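*Asks:*
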Amino acid sequence: MTRFVAADGEATEVERVFREVYGQAVATLVRVFGDITLAEDAVQHAFTVASDRWRSDGIPPNPAGWIVTTARNRAIDDLRRSARGRELHEQLSVGARTSHGPAVDDSDENGPMRDDQLRLIFTCCHPALRTEHQVALTLRLLGGLSVEEVARAFLVSEAAMAKRLVRAKYKIKAAKIPYRVPAVANLPDRLRSVLLVVYLIYTTGGDDPERAPLRSEAIRLGRALVEMMPDEPEAAGLLALMLLSESRVPARTAEGAIVVLRDQDRTKWDRTSIEEGHRIVRACIRLDRPGPFQLQAAIQAVHCAAGSFEATDWRQIVALYDQLFVVMPTPVVSLNRAIAIGEIEGPEAALTVLDAIAADLDGYHLMHATRGAMLRRLGRRVAARAAYERAANLATVEADQRFLAQQIEQLTEGGDPMQQPADRPLGPPSERRPS
Amino acid sequence: MSQYLLSVHAGQAQDHQEPISPEQMQGFMDGVIALEAEMDASGTFVFGGRLADPDAATVVRSTDGKHVMTDGPFVEAKEHIAGFYIINADDLDAALAWAAKVVTAINAPIEVRPFSATGRVADQVHQMPGA
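Sequences listed follow chains B and P, in order.
Everything in the first sequence is counted per numbering that gives the first Met the number 0, starting at 0 for the first residue and increasing by one.
Everything in the second sequence is counted per numbering that gives the first Met the number 0, starting at 0 for the first residue and increasing by one.
(1) So which residues on chain P does B/Pro177 lean against when the C-beta distance must stay under 7 angstroms?
(2) Can you name, in chain order, every residue of its own chain whose Cβ lies under 8 angstroms from the Cβ of B/Ala207, other than the five neighbours on each side?
(3) For B/Phe292, which residues from the same chain have a beta carbon less than 7 angstroms from its beta carbon, with the 5 sequence-adjacent residues on both sides left out?
(4) Determine the chain P residues that contact B/Ala174 at a beta-carbon separation under 7 angstroms, and present them in chain order.
(5) Using only the alpha-carbon positions, how far apart do B/Val180 and B/Leu117 sit?
(6) When you compare the CB of B/Ala167 with every CB in chain P, is at least one pair closer than 8 angstroms?
(7) Quick one: give me the first and last residue of the beta strand (DSSP E) that P/Asn87 is part of.
(8) Taking B/Ala178 as part of the beta strand (DSSP E), name the residues at either end of that continuous run.
(9) Taking Cβ positions, are P/Ser6 and P/Ile86 nearer each other than 8 angstroms?
(10) Any idea what DSSP makes of P/Phe46, helix, strand or coil?
(11) Under a Cβ-count criterion, where at least 16 other Cβ atoms within 10 Å of its own Cβ denotes burial, should B/Val317 be classed as buried or exposed?
(12) Tell me P/Tyr3's beta-bridge partners as DSSP assigns them.
(13) So, do the segment 303-313 of chain B and the segment 268-284 of chain B have three or more beta carbon pairs nearer to each other than 8 angstroms?
(14) In the segment 18-51 of chain P, which residues sit with their C-beta less than 7 angstroms from some C-beta in chain B, listed in chain order?
(15) With distances taken between CB atoms, is the gap from B/Ile66 to B/Val42 smaller than 8 angstroms?
(16) Quick check: is the beta carbon of P/Ser6 nearer than 8 angstroms to any beta carbon in chain B?
(17) Identify the continuous beta strand (DSSP E) that holds B/Asp399 and give its terminal residues.
(18) Using beta carbons (cut-off 8 angstroms, strictly below), is P/Ser1 in contact with chain A?
(19) Using a Cβ-Cβ cut-off of less than 8 angstroms, give me the residues of the segment 125-138 of chain B that come near chain P, in sequence order.
(20) Buried or exposed: where does B/Gln23 fall if 16 or more other Cβ atoms within 10 Å of its Cβ makes it buried?
(21) Can you tell me whether DSSP reads B/Asp269 as helix, strand or coil?
(22) Is it buried or exposed, B/Arg129, if we count other Cβ atoms within 10 angstroms and call 16 or more buried?
(23) So for P/Thr57, helix, strand or coil by DSSP?
(24) Grouping DSSP H, G and I as helix and E and B as strand, with all else coil, what is P/Gly10?
(25) In angstroms, rounded to a whole number, what distance separates the CA positions of P/Met0 and B/Pro177?
(26) Assuming P/Val31 and P/Ile105 are in contact, meaning their beta carbons sit under 8 angstroms apart, how far apart are those beta carbons, in whole angstroms?
(27) Mapping DSSP to helix, strand and coil, what is B/Ala253?
(28) Given the structure, does P/Leu95 come close to the ligand GDP, in the sense that its CB is under 7 angstroms from one of the ligand's heavy atoms?
(29) Mapping DSSP to helix, strand and coil, what is P/Val67?
(30) Suppose the cutoff is 6 angstroms on Cβ atoms and the five residues either side in sequence are ignored; what does the same chain contact list for B/Asp115 look like?
(31) By the DSSP assignment, the alpha helix (DSSP H) with P/Leu91 in it spans what residues?
(32) Who are the Cβ neighbours of B/Thr369 in its own chain at under 7 angstroms, not counting the five residues just before and after it?
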């Protein structure tokens, strides 16, 4: 999509508005024309027109409505010009294409536009599409990221990402993946895949400053989902989980290395995000329909509520991990539970839990880093160092690598083995990838 | 309305399967017959069939204007299409729901693939891009 070099303040404001309305406009146009590529092209054109006009006339009171109307007119012109379009246009006028009819709602009411976005996110995250395509489509169509930005986020070339998007859009069209909110019977499963995509976008933002914009994009999508589905506690749970994780970001790195939870300067935690996260978690508890995201959020809420590492309510955390394991029996959940057990029962008990999942998570750096931390607390410095070395070989993010290098160095030089027991091996982390 | 191919893929060798009892066979047949009746009742069933083993296949090709026949399937593969349904469905979700029912009835994975055009080419011309 068009990017504006911020020549003046107005250009930046225009860019901000574009980012905000892109997903809405594409979603509405997809409803009207039933064709993603046509919708994208038309919205792109409307942005080009807007970039000139808005800079001289100012941003209109309802920019989304303005973009949708301009894009719709453009799309209709395009359709009239092509034979394929004439046919589509015919279908539209007899209302055969969708049961919603071709009307565009460009009043400043947000309701219908919100519904359009909800339909589109369910299309993008359809289980018949592979996960990396779901993520790419969601970022491109709903997040309004350029192909180049999406490519950078997933460390692939722009050409490869463009190809991925073309393939995914081809499948939606050829296989006729519907553009609607799923029926109640399928909603829980389908919602889960939407939430996972949004969370994957958040975790991909990780600790890599290059990819940090993904985290704010994921939070924006999470907020939109909560607005669209206020009665879905898992959507709220995901938002709370992201907010609580985000609150600790300012304390999570120092000089390019990860700072473990124990050593974080808690005054740097963002209180506003924590308060909002806590508020959502309390509301979820009142609803009493727990699910994996709500439980993960509750665990993060307990961490964020502790004034110091020592004051953490580890028993509560273990109890929540036990509940989480029932609905999400993954080795990563066991790993995080082991860390909490280590705080209550000591490193020996944690190592016993870790032994049970060591084979499953052999390729996961955090498992080896956790082992290293527990072995170190037991004074088994040689084994601890070997575990950290294994973790360092597997880690891909620079901040993780730096942290692990620090641990290895400390264990090589000697010194008090009990001085810096890194219990939370790498950041809040926990459920970085719930799969 | 769109049409989808629901194909059943089976391994070349059937001998890994445990022999099934006549009762099991009857149960299997009853399930498939009931499903096909359901497809008929909803106007879903277009065509379906079970294919003979690929050993029975012959490939015909044209080389220098001459037609040449070879014994065996086009691609020698471990897996091949053993049978299929062609169904009418409004969209992929509807097709996937039917596929799930077929999977339950025959206890084998199903590939769901959309047609991009169906029927006689002469009837399709007006739908083709650029026409």
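Heads up, the beta-carbon is just placed ideally off N, CA and C, and yes, glycines get one too.
All values reported here derive from a predicted model rather than from experimental measurement.
*Replies:* Let me spell this out:
(1) Asp90, Leu91 and Asp92
(2) Just to set this straight, residue 207 of chain B is Asp in the shown sequence, not Ala. Once the five neighbours on either side are set aside, the close Cβ partners of B/Asp207 are Val396, Glu397 and Ala398.
(3) Result list for B/Phe292: Leu194, Glu233, Gly236, Leu237 and Leu240, in chain order.
(4) Leu91 and Pro113
(5) 7 angstroms
(6) no
(7) Run containing P/Asn87: Glu78 to Ala88, per the beta strand (DSSP E) assignment.
(8) According to the sequence provided, residue 178 of chain B is Tyr. The question's Ala does not apply to it. Bounds of any beta strand (DSSP E) do not take in B/Tyr178, whose DSSP letter is neither H nor E.
(9) no
(10) strand
(11) buried
(12) P/Ile86 and P/Pro113
(13) yes
(14) none
(15) The beta carbons of B/Ile66 and B/Val42 sit closer together than 8 angstroms.
(16) no
(17) Segment Glu397 to Glu412 is the alpha helix (DSSP H) holding B/Asp399; no beta strand (DSSP E) there.
(18) Of the chains in the structure shown, none is chain A; the protein chains are B and P.
(19) Answer in chain order: His125 and Ala127.
(20) B/Gln23 is classed as buried because its beta carbon has at least 16 other beta carbons within 10 Å across all chains shown.
(21) coil
(22) exposed
(23) strand
(24) Strand, per DSSP.
(25) Cα-Cα distance, rounded: 12 angstroms.
(26) 7 angstroms
(27) strand
(28) Absence of the ligand GDP from the depicted structure is noted, as is the absence of any ligand whatsoever, leaving it without description.
(29) Residue state for P/Val67 is assigned as strand, using DSSP reduced to three classes.
(30) Ala26, Thr27 and Arg30
(31) Leu91 to Ile105
(32) Leu334, Ala337, Ile338, Leu353 and Pro424
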